[in-house]
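Written below as structure tokens is the structure these notes are about.
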Amino acid sequence: MTATPGRRGSDRFTDRLRLRRYAFLVVILLSLLLSVGLISFDHETSKAQQIGALGTGIAGSAVFALIISWLLDAEHDRFLQTQLSGQLETQQEAILSEFRKLNARYLPLRDYAPTQEYRGNRFNSDLTASLEASGSYTFRGASAKYVAPRVRRDGDRITRVRVVMIDPRSEEALSARAADRLSNPKYAGRTLQQIKDGLREETFSSLVSLHGICSRVRVEIGLSAAVSSVMRVEMFDSDVYVSIYNMDAGLRSHFPGTQRYSNESVVYMLQRLEGERVYDLCGKKLVFDRRTTDEQLLRALRLSGMSQADEGVLAAIRERNGRFEEAFIRDALS
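Pasting the structure below:
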């Protein structure tokens, strides 16, 4: 059986204590023998004087042994305290390090509460910092209306943007997201059909907006009927932001609550794998780069369900996008 470190330390301490006791007895015994030997050669002093001298010698030896033992005990206690303090600090640091690893692996770096407005939102400032330091930006959600403005303003290092959003041709996907928006105060007074129509137009506007940044980054778009209607995922090299739309507090707020996880977390790994799977399964995929023309964009809009798309409609969408982007940057990012 293997002895534990604590058990071995206790055994060593007991051995030292036993050794000191033996040394104490040996000193007294040697003193006694030495005194008896010396007295045996003394024939001039009386027996009483010899016995007195013998007792004095033994007492002096005992006092000397006690002093030496006390000094050794004090030194050993200081040594033991130093050793234990060092081991305790090492163990404490190891435990804290393990806790930090577990926290990074399973717990969010930050929790952002639902809010009513852009201004003063810590979420936007942290997401901007993640975007500025990242080489890629992956978005998965209902619509990507905020992606292009963010990349255009703060994505100098971004080389690829991947977006998975609702397929505007899927009535089922539109209905699911529209039903969620009915609970949001931003859409108060609108019918389900009005919200669906608005969501469809929002998707078309997002496509045009994403085409606007393809001269600087490669944009990969997947239109999916299976994209979650209650969650938005924004992933960067260092972390991922997961927003939940149907949280109780989120239902009463304009903007949902969000949790941020590091790239060492289980959530990051799962969202990365899930994002790749969802993108691979998208029924329609688009790629915009610096060679993509307006005519190709119009063709993509028509294939996505915007049958009336032409140059006039495209110009009108770009004008609306410009006003929206200006307001978003002013209110959320400035």
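Numbering follows this note's numbering, with no gaps: position 253 of the sequence shown is 249. No residue lacks a Cβ here, since even glycine has one placed at the ideal position from N, Cα and C.
Original post:
Roughly how far, in whole angstroms, is the beta-carbon of aspartate 233 from the beta-carbon of serine 132, given that I think they are within contact range, below 8 Å?
Top reply: To locate residue 233, count along the sequence shown from 1; it is residue 237. To locate residue 132, count along the sequence shown from 1; it is residue 136. Between serine 132 and aspartate 233 the Cβ distance is about 6 Å, and since that is below 8 Å, they are a contact.
**OP:** Can you tell me the Cβ-Cβ gap for alanine 328 and asparagine 120, rounded? I've got them flagged as a contact below 8 Å.
**Re:** Taking the first residue of the sequence shown as position 1, residue 328 is located at position 332. Taking the first residue of the sequence shown as position 1, residue 120 is located at position 124. Contact flag correct, Cβ pair sits at about 5 Å.
Original post:
Does the stretch 140 to 147 come within contact of the stretch 167 to 181, defined as at least 3 CB pairs closer than 8 Å?
Top reply: Between the stretch 140 to 147 and the stretch 167 to 181 there are fewer than three C-beta pairs closer than 8 Å, too few to call the two in contact.
Original post:
Taking DSSP as the reference, what is the three-state secondary structure of aspartate 122?
Top reply: Start at 1 with the first residue of the sequence shown, and residue 122 comes out as number 126. Here aspartate 122 sits in helix by DSSP.
Subject >> Backbone secondary structure at arginine 76 - three-state DSSP >> reply: For the purposes of this step, residue 76 is taken as the residue at position 80 of the sequence shown. It should be pointed out that residue 76 corresponds to leucine in this sequence rather than to arginine. If DSSP states are grouped into helix, strand and coil, leucine 76 belongs with the helices.
**OP:** Kindly indicate the opening and closing residues of the alpha helix (DSSP H) around tyrosine 264.
**Re:** To locate residue 264, count along the sequence shown from 1; it is residue 268. Where tyrosine 264 is concerned, the enclosing alpha helix (DSSP H) stretches over 262 to 276.
Original post:
What residue ranges within the stretch 153 to 207 form continuous beta strand (DSSP E) runs of no fewer than 3 residues, ordered along the chain?
Top reply: Within the stretch 153 to 207, the complete beta strand (DSSP E) runs of at least 3 residues are 156 to 162.
Original post:
Since phenylalanine 320 sits in a beta bridge, which residues does DSSP pair it with?
Top reply: Position 324 of the sequence shown holds residue 320. Beta-bridge analysis with DSSP links phenylalanine 320 to no other residue.
**OP:** Name the residue from Leu219, Arg256, Ala138 whose alpha carbon lies nearest to the alpha carbon of aspartate 235.
**Re:** As a first step, residue 235 is located in the sequence shown; it is residue number 239 there, counting from the start. Checking every option, the nearest Cα to that of aspartate 235 belongs to Arg256.
**OP:** Leaving out five residues on either side along the sequence, give the residues of the same chain with a beta carbon under 6 Å from the beta carbon of aspartate 124.
**Re:** As a first step, residue 124 must be located in the sequence shown, where it is residue number 128. This sequence places threonine at residue 124; aspartate is not what is there. In the same chain as threonine 124, and ignoring 5 residues on each side of it, the C-beta atoms closer than 6 Å to its own belong to Asp150, in chain order.
Original post:
Can you tell me whether arginine 319 is buried or exposed, with buried defined as 16 or more other CB within 10 angstroms of its CB?
Top reply: Position 323 of the sequence shown holds residue 319. Exposed is the call here.
**OP:** For the stretch 192 to 200 and the stretch 294 to 304, state whether three or more C-beta atom pairs, one from each stretch, are separated by less than 8 Å.
**Re:** Touching, yes, given that three or more Cβ pairs across the two stretches are closer than 8 Å.
**OP:** Return the CA-CA distance between leucine 219 and tyrosine 275, expressed in angstroms with no decimal places.
**Re:** Mapped onto the sequence shown, residue 219 falls at position 223. Mapped onto the sequence shown, residue 275 falls at position 279. If I take the Cα positions, the gap works out to 8 Å.
Subject >> Beta-carbon proximity of valine 213 to isoleucine 154, cut-off 8 Å >> reply: Here residue 213 refers to the residue found at position 217 when the sequence shown is read from its first residue. Here residue 154 refers to the residue found at position 158 when the sequence shown is read from its first residue. In this structure, isoleucine 154 lies closer than 8 Å to valine 213 by Cβ.
Original post:
Are there 16 or more other CB atoms within 10 angstroms of the CB of glutamate 216, so buried, or fewer, so exposed?
Top reply: Along the sequence shown, one-based indexing puts residue 216 at 220. Buried.
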